[in-house]
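Protein sequence lines, in the order shown, are assigned to chains A and B.
By our numbering, the letter at position 446 of the first sequence is numbered 433, and the numbering carries on one by one without gaps.
By our numbering, the letter at position 342 of the second sequence is numbered 329, and the numbering carries on one by one without gaps.
Since the structure comes first, as structure tokens, the remarks are kept for the end.
Protein chains: 2
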Amino acid sequence: MNEKKLLPKKTGDLSDWYTTVIQLAELADYGPSKGSMIIRPYGYAIWELAQAALDERFKAYGIQNAYFPLLIPMSFIQKEKSHVEGFAPELAVVTHGGGEKLEEALFVRPTSETVINDSFSKWVQSWRDLPMQLNQWCSVVRWEKRTMPFLRTSEFLWQEGHTIHATHQEAQATQKWAMDTYQDVYENFYALYGMRGNKSASERFAGADDTLTMEHLMPSGKALQSSTSHDLGQNFAKAFETKFQNKDGEESYVWQTSWGLSTRSIGGLILAHGDDNGLRLPPKLAPVQVIIIPVVPEGELKDYAHTLAQELRTKGARVQVDDRDDERMGFKINKWEVKGVPLRIEIGKREVEGGQVTVVRRWDGQKDSISRDEFVQGIQARLDDIQHMMFEGSKKLTQERTRKAANYDEFKQLMAQSDKGFIEVCWNDDPEVEAKIKLDTKATSRCRIGDGEGIDFYTGKPAKGTWIFARSY
Amino acid sequence: MNEKKLLPKKTGDLSDWYTTVIQLAELADYGPSKGSMIIRPYGYAIWELAQAALDERFKAYGIQNAYFPLLIPMSFIQKEKSHVEGFAPELAVVTHGGGEKLEEALFVRPTSETVINDSFSKWVQSWRDLPMQLNQWCSVVRWEKRTMPFLRTSEFLWQEGHTIHATHQEAQATQKWAMDTYQDVYENFYALYGMRGNKSASERFAGADDTLTMEHLMPSGKALQSSTSHDLGQNFAKAFETKFQNKDGEESYVWQTSWGLSTRSIGGLILAHGDDNGLRLPPKLAPVQVIIIPVVPEGELKDYAHTLAQELRTKGARVQVDDRDDERMGFKINKWEVKGVPLRIEIGKREVEGGQVTVVRRWDGQKDSISRDEFVQGIQARLDDIQHMMFEGSKKLTQERTRKAANYDEFKQLMAQSDKGFIEVCWNDDPEVEAKIKLDTKATSRCRIGDGEGIDFYTGKPAKGTWIFARSY
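Below you can see the structure in the form of structure tokens.
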């Protein structure tokens, strides 16, 4: 802990800032094997708050949690053709168990469509068994060459929803509902404004007919693909013979969706909201919403701090008192700023005598001195204010850095700008064109945000909707 | 679903009853690879209720959740001598990742002492950083030759707590607290009475100086080791150089504990409480506490059922209405009996007209007809009654089947009984004797339940406390 480096400026070397703030705020640490990560308590507590928000919404919709095996027979991945092409290069493979070489090797799940379809095919008989709507909270492993904490690691935590339906329409409604839920949680918990739409033919999930995505603009000008929801059509159903007897007594393949949101979202949270002094956490996902620091950590100042903490807790706030006697005030202020706690309360003699509190807002450093009672009564409104301010900040920034290009020259000019971001174009979803653009500019399509007609910015032919392009993580 | 077999009598072939009831109640299913299991929504919901009870208690004690990597370098397991002996034969090994052979193979965690000590050794500098008290909810993999759903599977879900302390005394207090917590949750949620004590030298955890255990008697007369809490001394600290500067400025090794409770506990719940008609779930862990079945699933009966359900929900009960129109009443009654729902309400014309409900208690089949208002008002007390009754039943049964043996002849006679169970003896914890007894009778020591002096039942020499012996799962 003594050897910790100083936090560099965020506006300087962003990736150095990013990896340093993760260490300093004690969000995560590097694991012992290549590309692995340890999520420390402070980082995990953020994930638990996000989990609770998602899980509550899933259950209200009738999604049930379940658990499927981590290790899957190699033969399973071969069954769905485009799925194996997408995932085979990223697999971790178990070849030995209990001291013996296995007859059939097992892969560590990178996602669970295959093993879950194997069960669906056994559990479903008739239309009366449908829909089946499952979710699991688990970790998955994908062998990555270039890794970065939270954003891209060899193992990450996520939820994966898997549903099967009697009709395509029902499956599509669930695909959309999942993305509505992600958008709700991103906007109201992560305080992140994102672009939402459909993936291009070359960017969609391996095995899906259609993929919905949320894409968040990061300060680097790159997009973070932050969650996806797939219409899997009948692709896995056909590969795994997942059939049911429909109302007319005929055998039909089920229609299927899958959708996921992972700890990658915490990477987005750090990058988008942080500043030169460290993290800035939105109150809804802050493990500590209010930190109270008595200037002298003893006697009546300490008592005042703890009583205040109790009062705030009865109002539903997550509060901590920093009354360590081995750290200076300046060190403490710095520590809690780095950790991004939304509100800091400093308690000195003046505050105790006047029945006041001095409140510093992490988001913009605004300092207030108000009566203690007023502060306690208004704590939730004050936290909501910050939450709202942060979302509006994210929205404004994203919108400012989303620029239209009418043709490829304009597109390349925008990509060359230092404050580049999202580029909005009319385009016709041609995979060959997308490959060329990527080669030239490193940008790819992120999502189709509108159906509007127009002229394709690259070919000048009729376009298929309005799209967002950007470089991506 | 149509091909489901009938439930055999529990008093007949217990293991056939066990695997059949798990399928019929839709708790779990077999996974595609050897010894793996799928936890279906109904089984997973039980686990979520147990998790909530444990997690709340952990957090109240100051335990923080975190997440450590699934895949651990092979060199790590070699560091603690007795740990490698215990776990090496059960490892699943990843040899390939991303299409290439790995330089160093990785094992899938069977438990996480090694990888967590690697982090502890980096994070701890001084006594001011102690204690560090972490927990993780995850799955672990142990290659097992003979498997059985929930009781012994190649992968299972659990929580593993890991704490480090400045003094041995503090570590021991935490080891004891963890076992207090398990006992609390077993008694008040699982409604299971168990024997608690220390493991013998040959039965303790690989790497521990002392292991506390809870052992529950199953109807087969075998014991289920249901949770353990270990005093790891400084064994891992020395292997991983986990040192800190103490108050006197000297370098010391930390003192360490670990403790875990797994989905195995659900196996115990099924075995101990079930009867010839299926599961009997204690209300505190029942995903559905009250099932309401309108005799005719339409019109005023259906409305009455749903209104009643809403009223019960406002009283905090977990309620479901079975108003499917494609299943007969008898089928429904059977289905919810198999699923072990504590209370079944049948709504007929008579109930609607009289403002009554007919309540059937799953535990003993007792049938009541009472006023609807009285039932709604008293729902929590009624559920508490059942919970209490079930625990008392478990306690009575365990105590009746716990018998004392003064010498080895008596011991062998008790082991030959058809209703054998726990055997209480005075013993001196001699590993060679334990091995001989196991060879003779298949029984091993389960735990030391008392310190009392006495005569060793095997050797006639002075004993080291009172012990429970039994066969075990």
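Backbone N, C-alpha and C define an ideal beta-carbon position, used for all residues, glycine too.
Straight-line gap, Ile424 (chain A) to Ala430 (chain A) (C-alpha atoms, nearest Å)
As a first step, residue 424 (chain A) must be located in the first sequence, where it is residue number 437. As a first step, residue 430 (chain A) must be located in the first sequence, where it is residue number 443. Cα to Cα, the separation comes out at about 7 Å.
Considering Cα atoms alone, identify which of A:Cys125, A:Lys383, A:Tyr180, A:Trp110 is closest to Phe55 (chain B).
Here residue 55 (chain B) refers to the residue found at position 68 of the second sequence. Of A:Cys125, A:Lys383, A:Tyr180, A:Trp110, the residue nearest in Cα terms is A:Cys125.
Determine, using beta carbons only, whether Arg349 (chain A) and Gly327 (chain A) come nearer to each other than 8 Å.
As a first step, residue 349 (chain A) must be located in the first sequence, where it is residue number 362. As a first step, residue 327 (chain A) must be located in the first sequence, where it is residue number 340. Contact: yes.
Report yes or no: do the segment 42 to 61 of chain B and the segment 16 to 35 of chain A share at least 3 C-beta pairs separated by less than 8 Å?
These segments touch.
When the Cβ atoms of the segment 277 to 297 of chain A are set against those of the segment 35 to 50 of chain A, are three or more pairs found closer than 8 Å?
no
Taking the beta carbon of Ile26 (chain B) as the centre, do at least 16 other beta carbons fall within 10 Å, making it buried, or is it exposed?
The sequence position of residue 26 (chain B) within the second sequence is 39, counting from 1. By the 10 Å Cβ count, Ile26 (chain B) comes out buried.
Report the neighbours of Phe74 (chain A) on chain B: residues whose CB is nearer than 9 Å to its CB, in chain order.
Residue 74 (chain A) sits at position 87 when you count from the first residue of the first sequence. Per Cβ cutoff of 9 Å: no residues; Phe74 (chain A) is ~11 Å from chain B at best.
If you scan the segment 57 to 101 of chain A from start to end, which runs of the beta strand (DSSP E) of 3 or more residues do you find wholly inside it?
58 to 60, 79 to 84, 87 to 95
Can you tell me which residues form a DSSP beta bridge with Thr244 (chain B)?
Walking along the second sequence from the start, residue 244 (chain B) turns up at place 257. The partner list for Thr244 (chain B) (beta bridge, DSSP) reads B:Thr150, B:Asp218.
With distance defined between alpha-carbon atoms, name the residue in A:Gly30, A:Met135, A:Ser69, A:Ala47 nearest to Asp3 (chain A).
On the first sequence, residue 3 (chain A) is found 16 positions in, with the first residue counted as 1. Closest by alpha carbon: A:Met135.
Looking at the C-beta of Ser106 (chain A), does it have a partner C-beta in chain B at a distance below 8 Å?
As a position in the first sequence, residue 106 (chain A) is number 119, starting the count at 1. Yes, because at least one Cβ of chain B sits closer than 8 Å to the Cβ of Ser106 (chain A).
Looking only at DSSP bridge pairs, what is Trp454 (chain B) linked to?
As a first step, residue 454 (chain B) is located in the second sequence; it is residue number 467 there, counting from the start. Looking at the DSSP assignment, Trp454 (chain B) forms a beta bridge with B:Val412, B:Arg435.
Trp4 (chain B) (DSSP reduced to helix, strand or coil)
Locating residue 4 (chain B) in the second sequence gives position 17, where the first residue counts as 1. DSSP, read as helix, strand or coil, puts Trp4 (chain B) in helix.
So that I know if they touch, is there some Cβ in chain A lying closer than 8 Å to that of Val128 (chain B)?
To locate residue 128 (chain B), count along the second sequence from 1; it is residue 141. Interface annotation, Val128 (chain B): in contact with chain A, CB-CB separation under 8 Å.
For Asp417 (chain A), the residue or residues it bridges with in DSSP
Position 430 of the first sequence holds residue 417 (chain A). Asp417 (chain A) pairs with nothing; no bridge assigned.
Considering Asn175 (chain A), what are the terminal residues of the beta strand (DSSP E) in which it resides?
Numbered from its first residue, the first sequence carries residue 175 (chain A) at position 188. Element bounds for Asn175 (chain A): not the beta strand (DSSP E) but the alpha helix (DSSP H), 155 to 175.
For a test of the three-state rule: what should DSSP assign to Ala273 (chain B), helix, strand or coil?
As a position in the second sequence, residue 273 (chain B) is number 286, starting the count at 1. DSSP places Ala273 (chain B) in coil when its eight states are reduced to three.
Output, in sequence order along the chain, the residues in the segment 48 to 69 of chain A whose CB is closer than 8 Å to any CB in chain B.
Look at the segment 48 to 69 of chain A: the residues with a C-beta under 8 Å from a C-beta of chain B are Gln51, Asn52, Ala53, Tyr54, Phe55, Pro56, Leu57, Leu58, Ile59, Pro60, Phe63.
DSSP three-state call for Thr200 (chain B): helix, strand or coil?
Numbered from its first residue, the second sequence carries residue 200 (chain B) at position 213. Residue state, collapsed to three classes: strand.
Euclidean distance between Cα positions of Glu72 (chain A) and Gly194 (chain A):
The count along the first sequence starts at 1 and reaches residue 72 (chain A) at position 85. The count along the first sequence starts at 1 and reaches residue 194 (chain A) at position 207. Answer to the nearest angstrom: the Cα atoms are 9 Å apart.
Going by CA-CA distance only, name the one from B:Ser106, B:Val8, B:Ile320, B:Tyr291 that's closest to Ile341 (chain B).
Residue mapping note: residue 341 (chain B) aligns to position 354 of the second sequence, counting from 1. A small fix is needed here, since residue 341 (chain B) is Gly in this sequence, not Ile. For the residues B:Ser106, B:Val8, B:Ile320, B:Tyr291, the minimum Cα distance to Gly341 (chain B) belongs to B:Tyr291.
So for Ser356 (chain A), helix, strand or coil by DSSP?
Along the first sequence, read from residue 1 onward, the residue named residue 356 (chain A) stands at position 369. Ser356 (chain A) sits in a strand when the DSSP states are folded into three classes.
Roughly how many angstroms lie between the CA atoms of Ala273 (chain A) and Leu370 (chain A), to the nearest whole one?
Translated into the one-based positions of the first sequence, residue 273 (chain A) becomes position 286. Translated into the one-based positions of the first sequence, residue 370 (chain A) becomes position 383. If you take the alpha carbons of Ala273 (chain A) and Leu370 (chain A), they lie about 10 Å apart.
Those residues which DSSP pairs with Arg390 (chain A) across a bridge:
Walking along the first sequence from the start, residue 390 (chain A) turns up at place 403. In the DSSP output, where bridge partners are listed per residue, Arg390 (chain A) has A:Ile410.
Just the C-alpha distance for Asp427 (chain A) and Lys399 (chain A), rounded to the nearest angstrom, thanks.
On the first sequence, position 440 is the one that residue 427 (chain A) refers to. On the first sequence, position 412 is the one that residue 399 (chain A) refers to. Looking at the two C-alpha atoms, the distance is approximately 9 Å.
Going by other Cβ atoms of all chains shown within 10 Å of its Cβ, with 16 needed for buried, is Phe94 (chain B) buried or exposed?
Counting from one through the second sequence, the residue named residue 94 (chain B) turns up at place 107. Buried, by the Cβ-count rule.
Any contact between the segment 242 to 254 of chain A and the segment 134 to 149 of chain A? By contact I mean 3 or more CB pairs, one from each, below 8 Å.
Yes, since at least three Cβ pairs between the segment 242 to 254 of chain A and the segment 134 to 149 of chain A fall closer than 8 Å, the two stretches touch.
Going by DSSP, what residues sit across from Glu238 (chain B) in a beta bridge?
As a position in the second sequence, residue 238 (chain B) is number 251, starting the count at 1. Looking at the DSSP assignment, Glu238 (chain B) forms a beta bridge with B:Gln232.
Please work out which residues of its chain come closer than 6 Å, Cβ to Cβ, to Ile366 (chain A), disregarding the five sequence neighbours upstream and downstream, and give them in chain order.
Position 379 of the first sequence, counted from the start, is the residue given in the question as residue 366 (chain A). Within the same chain, Ile366 (chain A) has close Cβ partners Leu299, Lys302, Ala304.
Three or more C-beta pairs under 8 Å: does that hold for the segment 76 to 94 of chain A against the segment 106 to 121 of chain A?
no
What in chain A is Cβ-close to Leu144 (chain B), meaning under 9 Å?
Start at 1 with the first residue of the second sequence, and residue 144 (chain B) comes out as number 157. The contacting residues are Tyr54.
Report yes if the C-beta distance between Ile436 (chain B) and Ile455 (chain B) is below 8 Å; otherwise report no.
In the second sequence, counting from the first residue as 1, residue 436 (chain B) sits at position 449. In the second sequence, counting from the first residue as 1, residue 455 (chain B) sits at position 468. Yes, these two residues count as a Cβ contact at 8 Å.
From Lys209 (chain B) to Asp406 (chain B), what distance separates their C-alpha atoms?
Residue numbering aside, residue 209 (chain B) sits at position 222 when the second sequence is read from its first letter. Residue numbering aside, residue 406 (chain B) sits at position 419 when the second sequence is read from its first letter. Cα to Cα, the separation comes out at about 10 Å.
Which of helix, strand or coil DSSP assigns to Leu256 (chain A)
Sequence index remark: in the first sequence, residue 256 (chain A) carries index 269 (1-based). It is helical.
Compute the distance between the beta-carbons of Met377 (chain A) and Pro206 (chain A), then report whether it is under 8 Å.
Residue 377 (chain A) sits at position 390 when you count from the first residue of the first sequence. Residue 206 (chain A) sits at position 219 when you count from the first residue of the first sequence. It is not a contact, given that the beta carbons lie outside the stated cut-off.
Over what stretch of residues does the beta strand (DSSP E) that includes Glu314 (chain B) continue unbroken?
Walking along the second sequence from the start, residue 314 (chain B) turns up at place 327. Per DSSP, Glu314 (chain B) belongs to no beta strand (DSSP E) and is neither H nor E.
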